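There are 2 protein chains.
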Amino acid sequence: MSESTFSIAGQSLIGAASMNGENGVFKGVNARTGEALEPAFGGASASDLARACALAEAAFDLYRETSLEARAVFLETIGQQIESIGDALIERCMAETGLPRARLEGERARTTGQLKLFAAVLRQGDYVDARIDPAQPERKPMPRVDLRLRNIAVGPVAVFGASNFPLAFSVAGGDTASALAAGCPVVVKAHSAHPGTSELVGRAIQRAVAQCGLPEGVFSLLFDSGIDIGRALVADPRIKAVGFTGSRAAGVALMKIANARKEPIPVYAEMSAINPVVLLPHALAARGELIARQFAAALTLGAGQFCTNPGLVLAVEGETLRAFELAAGAALADAAAQTMLTPRIHANYCAGVERLSRTAQVESLAASEQDNKQDKMQGGPFDAQPALFAASAQAFLADEALRAEVFGPASLIVRCSDLNELHAVLDSIEGQLTVSVHLEPADHEACRTILPTLERKAGRVLANGLGTGVEVGYAMVHGGPFPATSDARTTSVGGRAIERFLRPVSYQDWPDDLLPAALRGANPQRLARRVNGVLRREDCGH
Amino acid sequence: MSESTFSIAGQSLIGAASMNGENGVFKGVNARTGEALEPAFGGASASDLARACALAEAAFDLYRETSLEARAVFLETIGQQIESIGDALIERCMAETGLPRARLEGERARTTGQLKLFAAVLRQGDYVDARIDPAQPERKPMPRVDLRLRNIAVGPVAVFGASNFPLAFSVAGGDTASALAAGCPVVVKAHSAHPGTSELVGRAIQRAVAQCGLPEGVFSLLFDSGIDIGRALVADPRIKAVGFTGSRAAGVALMKIANARKEPIPVYAEMSAINPVVLLPHALAARGELIARQFAAALTLGAGQFCTNPGLVLAVEGETLRAFELAAGAALADAAAQTMLTPRIHANYCAGVERLSRTAQVESLAASEQDNKQDKMQGGPFDAQPALFAASAQAFLADEALRAEVFGPASLIVRCSDLNELHAVLDSIEGQLTVSVHLEPADHEACRTILPTLERKAGRVLANGLGTGVEVGYAMVHGGPFPATSDARTTSVGGRAIERFLRPVSYQDWPDDLLPAALRGANPQRLARRVNGVLRREDCGH
Numbered sequence: 001m002s003e004s005t006f007s008i009a010g011q012s013l014i015g016a017a018s019m020n021g022e023n024g025v026f027k028g029v030n031a032r033t034g035e036a037l038e039p040a041f042g043g044a045s046a047s048d049l050a051r052a053c054a055l056a057e058a059a060f061d062l063y064r065e066t067s068l069e070a071r072a073v074f075l076e077t078i079g080q081q082i083e084s085i086g087d088a089l090i091e092r093c094m095a096e097t098g099l100p101r102a103r104l105e106g107e108r109a110r111t112t113g114q115l116k117l118f119a120a121v122l123r124q125g126d127y128v129d130a131r132i133d134p135a136q137p138e139r140k141p142m143p144r145v146d147l148r149l150r151n152i153a154v155g156p157v158a159v160f161g162a163s164n165f166p167l168a169f170s171v172a173g174g175d176t177a178s179a180l181a182a183g184c185p186v187v188v189k190a191h192s193a194h195p196g197t198s199e200l201v202g203r204a205i206q207r208a209v210a211q212c213g214l215p216e217g218v219f220s221l222l223f224d225s226g227i228d229i230g231r232a233l234v235a236d237p238r239i240k241a242v243g244f245t246g247s248r249a250a251g252v253a254l255m256k257i258a259n260a261r262k263e264p265i266p267v268y269a270e271m272s273a274i275n276p277v278v279l280l281p282h283a284l285a286a287r288g289e290l291i292a293r294q295f296a297a298a299l300t301l302g303a304g305q306f307c308t309n310p311g312l313v314l315a316v317e318g319e320t321l322r323a324f325e326l327a328a329g330a331a332l333a334d335a336a337a338q339t340m341l342t343p344r345i346h347a348n349y350c351a352g353v354e355r356l357s358r359t360a361q362v363e364s365l366a367a368s369e370q371d372n373k374q375d376k377m378q379g380g381p382f383d384a385q386p387a388l389f390a391a392s393a394q395a396f397l398a399d400e401a402l403r404a405e406v407f408g409p410a411s412l413i414v415r416c417s418d419l420n421e422l423h424a425v426l427d428s429i430e431g432q433l434t435v436s437v438h439l440e441p442a443d444h445e446a447c448r449t450i451l452p453t454l455e456r457k458a459g460r461v462l463a464n465g466l467g468t469g470v471e472v473g474y475a476m477v478h479g480g481p482f483p484a485t486s487d488a489r490t491t492s493v494g495g496r497a498i499e500r501f502l503r504p505v506s507y508q509d510w511p512d513d514l515l516p517a518a519l520r521g522a523n524p525q526r527l528a529r530r531v532n533g534v535l536r537r538e539d540c541g542h
Numbered sequence: 001m002s003e004s005t006f007s008i009a010g011q012s013l014i015g016a017a018s019m020n021g022e023n024g025v026f027k028g029v030n031a032r033t034g035e036a037l038e039p040a041f042g043g044a045s046a047s048d049l050a051r052a053c054a055l056a057e058a059a060f061d062l063y064r065e066t067s068l069e070a071r072a073v074f075l076e077t078i079g080q081q082i083e084s085i086g087d088a089l090i091e092r093c094m095a096e097t098g099l100p101r102a103r104l105e106g107e108r109a110r111t112t113g114q115l116k117l118f119a120a121v122l123r124q125g126d127y128v129d130a131r132i133d134p135a136q137p138e139r140k141p142m143p144r145v146d147l148r149l150r151n152i153a154v155g156p157v158a159v160f161g162a163s164n165f166p167l168a169f170s171v172a173g174g175d176t177a178s179a180l181a182a183g184c185p186v187v188v189k190a191h192s193a194h195p196g197t198s199e200l201v202g203r204a205i206q207r208a209v210a211q212c213g214l215p216e217g218v219f220s221l222l223f224d225s226g227i228d229i230g231r232a233l234v235a236d237p238r239i240k241a242v243g244f245t246g247s248r249a250a251g252v253a254l255m256k257i258a259n260a261r262k263e264p265i266p267v268y269a270e271m272s273a274i275n276p277v278v279l280l281p282h283a284l285a286a287r288g289e290l291i292a293r294q295f296a297a298a299l300t301l302g303a304g305q306f307c308t309n310p311g312l313v314l315a316v317e318g319e320t321l322r323a324f325e326l327a328a329g330a331a332l333a334d335a336a337a338q339t340m341l342t343p344r345i346h347a348n349y350c351a352g353v354e355r356l357s358r359t360a361q362v363e364s365l366a367a368s369e370q371d372n373k374q375d376k377m378q379g380g381p382f383d384a385q386p387a388l389f390a391a392s393a394q395a396f397l398a399d400e401a402l403r404a405e406v407f408g409p410a411s412l413i414v415r416c417s418d419l420n421e422l423h424a425v426l427d428s429i430e431g432q433l434t435v436s437v438h439l440e441p442a443d444h445e446a447c448r449t450i451l452p453t454l455e456r457k458a459g460r461v462l463a464n465g466l467g468t469g470v471e472v473g474y475a476m477v478h479g480g481p482f483p484a485t486s487d488a489r490t491t492s493v494g495g496r497a498i499e500r501f502l503r504p505v506s507y508q509d510w511p512d513d514l515l516p517a518a519l520r521g522a523n524p525q526r527l528a529r530r531v532n533g534v535l536r537r538e539d540c541g542h
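First to last, the sequence lines map onto chains A and B.
Residue 534 in the UniProt record's numbering sits at position 534 of the first sequence; the count goes up by one each step and never skips.
Residue 2 in the UniProt record's numbering sits at position 2 of the second sequence; the count goes up by one each step and never skips.
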């Protein structure tokens, strides 16, 4: 492949075509310097959007019935095409996001790993949930019909790229991978914070579509510096579900558009979390300083720009907590400042830190050196300095503003008078992606008391760990009650993410030759199928 | 048990208590005569509602962690308590609904059958979706954590009784059974069309709660002649999901309330469908008259008051369709008039029939005898006379009003010029619960062309059958795209209905003794669990 294959043209990709959008122009921005990056990107128009949706709709019936193996190969091909871009992808992405090379190389591996995971999910086929309730013609008083069920794809899906995962939750990220696996064509609205990265990855998918001989409408990529195209995409009647990772305000706006449609559709928005970390007394006493260092490392990872960033710490006040606060403050003072993803995210972070600093009942533990530090480290203009605050549980319970997410490396320690008050604070918080508990064996009884509350608040509960680092596996839940996500019944990471883009269909009394392969008598796909409710594996005796 | 155990007091049931509501008074109505039935029911107040929700909330953490066996026994006990009411239940229900004895005895068996189905789902335990991704401490570059997933109950659930299934989709119906199975306390808003039936069944559940030693808040039953309590129930922050069967207007109103909450919650509303029946040419030629008689029987079953009632017939015009129309008209002329569920439903039905009769491009095939018939059969004032209409595909495509559901025994035949036009008509309709196709082997190729459209329009597709008669099994989907339901990803009948009231939670690195039983190393519940994505049965070699 020639070098020019990987050049960036500033174009939207509509099916197999590339086009210069004529609806406004914008450029990527160097996150470290704020300088514009070439080339200019043309914003997509309403008619570009309509064409992408029409192609997706036209591709749907064919694409959703491609074989499991064909879609698995397609996902793997996307991964290979992304890898084949090589360092050009990493370098452009570093410039656009300010994220370091090692992180982005890791994120690229995560992205191809997700594609491979869904290829494995497809080859196994359990996600189809094939079920057969055979006819019982002799049943009294009424004969029983033959009833067969399978999951099918919901239809074309809109995916919004995320600013904080330019690869793993953007153009070929988890939402796209799981929707394509389910059999849904995807129309991506690129995040304007990393347009060059988006185009490079979009072209990789476009090549994979061609290489696999799939209908071109399986994938399109639209650019827009504003919000019009994203809004119109969710409103388009051909779109049947939405995947989104971003702010609470934007996610809620998309939910409203989806609910106001003539046909409302599901929105899977992963939005806002402060990911409480509970330090139980014996753990705090036994290894408070170690936990403090682990906490500081998690808080500053990726400049704190993770959905699972530990923004809240809960513990019972006293000597051991004071020691933890000192150790955490010291560890954060040693942390290097890091460039944030965009100037706007940096400005919002600074405003959030400023707001907490000025709140009367909030004590600053590690934010005061912000200005000195920046000079000392010769940091860039968009670097974030970690910030750590403390407040009493009473103050926290009284002021809803203290529960708002500050996106970046800022956290608030809530000093509780006892475990009952700590439980009350937990009860007061909104839905979360993660809640962590640090505990020793002597804390188990106390933990048993709060665990039901933790399960109700979060999609993932951790013992002696921190939520950053979301394993891509079969047992992961990256989700949780509102406002962590718009739909607590789902996960956006891991094998179950495919379920978001499926719906069940039941087939009654169909001739075998008209049934989908998954439900035919001969079981040509050798799927595990549930017969009268009991799962039967082809290779298992029962 | 004494006879008085089964008396009707006109009281709401709040946990273990019974109370005379003081928020207005209403009575049940004899569906045949329109006369009021004793006793009077007092409407629940906002504070009654608050108390029911508080009890449900208080019961939730304990109830959701009862053993699978304990909940299975509870469901079976509810069924036994319903059966123990005996004929008093059937007689009251006949009076309130106008439905005949045989239908209601069948519906009672269906209701206890549903409870038994979910008991079986619980004992099997696959719905828990237990998953384990074991730790890999040696993995490079990062060790892998231990990650375990299970489904837990979402929280207290609001259920709305349905007018057309006073037993199987009301107080102890499919929504209640599946929510209780999932581990969710239930607060039922009784349908005011059958309050006595509701109280009898509610007291049966109340006795089962006590007999099983469960917390009283597991179940409450509220009466209200208006809509205030229902609206407030969906808005209550302690309620985490809603089950509803009824009209499109009411379902959409509940969706809006749920979406406007501070924490939006899922609404499972089963609303509106016209259930198209496609007659392919060879089937029409080979057995048009037989299909006509089957169609007429399905259309008039239960006075046409089923969600799956065949309200639309699509076929290519010609001699064979004309013969079908004549045969269907004759069969409907012979059908006895039947009492409708309520005077209001009867009035709405008559208005819908009247509207179609007056539509210029609609031909009446079997509605003209309405008045004569009523005299001849000495029918009651709220009897429905079947009605059959016909229109061209052009007229149907041009007039959206022809696609609206007329709840009752009315149907519209759409005469298409050819199969392409028939396909266009199918494409134009909204989401459906069912679509049926009547076909012969010579029709298979034509069917293959339209089948993808059918799958996209409906939750259940049938060959050579009609949608009435919804089998309660593992492979049933009683659902479908909006407006058939509010959530096409789910079913309200069959084993998968439990999924509506579950959400996944992931446990990372927990000590074994703090893990829920479903995820402990020793697998004390002997669940099938997915290990690294592969399902392992305890009794299967792999």
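For each residue, glycine too, the CB sits at the ideal point set by N, CA and C.
Bear in mind that the values here come from a model prediction, so they are computed numbers and not experimental data.
Residue i: contacting residues in chain B (beta-carbon distance under 7 Å)
{"i": "Val-477(A)", "result": "Leu-149, Pro-504, Val-505, Ser-506"}
Supposed close pair residue i, residue j - CB separation, criterion 8 Å
{"i": "Ile-345(B)", "j": "Phe-407(B)", "result": "6 Å"}
{"i": "Val-472(A)", "j": "Thr-491(A)", "result": "The pair is not a contact, with the Cβ atoms about 11 Å apart (cut-off 8 Å)."}
{"i": "His-205(A)", "j": "Val-234(A)", "result": "Per the sequence shown, the amino acid found at residue 205(A) is Ile instead of His. That belief does not hold up - the Cβ atoms of Ile-205(A) and Val-234(A) are roughly 21 Å apart, past 8 Å."}
{"i": "Arg-223(B)", "j": "Gly-79(B)", "result": "Sequence check: residue 223(B) is Phe here, not Arg. In fact, because the Cβ distance is near 23 Å, the residues do not count as touching under 8 Å."}
{"i": "Ala-52(A)", "j": "Ser-220(A)", "result": "4 Å"}
Residue i - DSSP class collapsed to helix/strand/coil
{"i": "Gly-495(A)", "result": "helix"}
{"i": "Asp-427(B)", "result": "helix"}
{"i": "Lys-116(B)", "result": "helix"}
{"i": "Arg-477(A)", "result": "The sequence shown places Val at residue 477(A), rather than the Arg named in the question. The answer is coil: DSSP assigns Val-477(A) none of H, G, I, E or B."}
{"i": "Leu-365(A)", "result": "coil"}
{"i": "Asp-513(B)", "result": "helix"}
{"i": "Phe-324(A)", "result": "helix"}
{"i": "Ile-90(A)", "result": "helix"}
{"i": "Ala-44(A)", "result": "coil"}
Cβ-based neighbour list, residue i, same chain, cut-off 6 Å, excluding 5 preceding and 5 following
{"i": "Leu-279(B)", "result": "Ala-315, His-438"}
{"i": "Gln-370(A)", "result": "Because the pLDDT at Gln-370(A) is just 47, under 50, the model does not fix this residue reliably, and the point stays unresolved."}
{"i": "Val-531(A)", "result": "Ile-132"}
{"i": "Ala-323(A)", "result": "Gly-288"}
Proximal residues to residue i (C-beta, below 8 Å), its chain only, five neighbours per side dropped
{"i": "Gly-329(B)", "result": "Leu-365, Ala-366, Leu-388"}
Spatial neighbours of residue i in its chain, beta-carbon cut-off 7 Å, leaving aside the 5 residues before and after
{"i": "Ile-498(B)", "result": "Phe-118, Val-121, Tyr-127, Ser-178, Ala-181, Ala-182"}
{"i": "Gln-525(B)", "result": "Leu-68, Gly-125, Ala-517, Ala-518"}
Closer than 8 Å at the beta carbon, the chain A residues around residue i
{"i": "Gln-211(B)", "result": "What Gln-211(B) touches in chain A: nothing, since even the nearest Cβ is about 25 Å away."}
{"i": "Leu-180(B)", "result": "Here the premise fails: no neighbours, minimum Cβ distance about 18 Å."}
Contacts that residue i makes with chain B (C-beta to C-beta distance below 9 Å)
{"i": "Tyr-474(A)", "result": "Arg-131, Ile-132, Asp-133, Leu-147, Leu-149, Arg-530, Val-531, Asn-532, Gly-533, Val-534"}
{"i": "residue 612(A)", "result": "With chain A represented from 1 up to 542, any question about residue 612(A) goes unanswered, as that position is not in the structure."}
8 Å Cβ cut-off: residues of chain B touching residue i
{"i": "His-444(A)", "result": "Pro-511, Asp-513, Leu-514"}
Beta-ladder partner(s) of residue i, from DSSP
{"i": "Val-159(A)", "result": "Val-188(A), Gly-243(A)"}
{"i": "Glu-270(A)", "result": "Thr-245(A), Thr-485(A)"}
{"i": "Gly-28(A)", "result": "Leu-37(A)"}
{"i": "Thr-339(A)", "result": "Asp-383(A)"}
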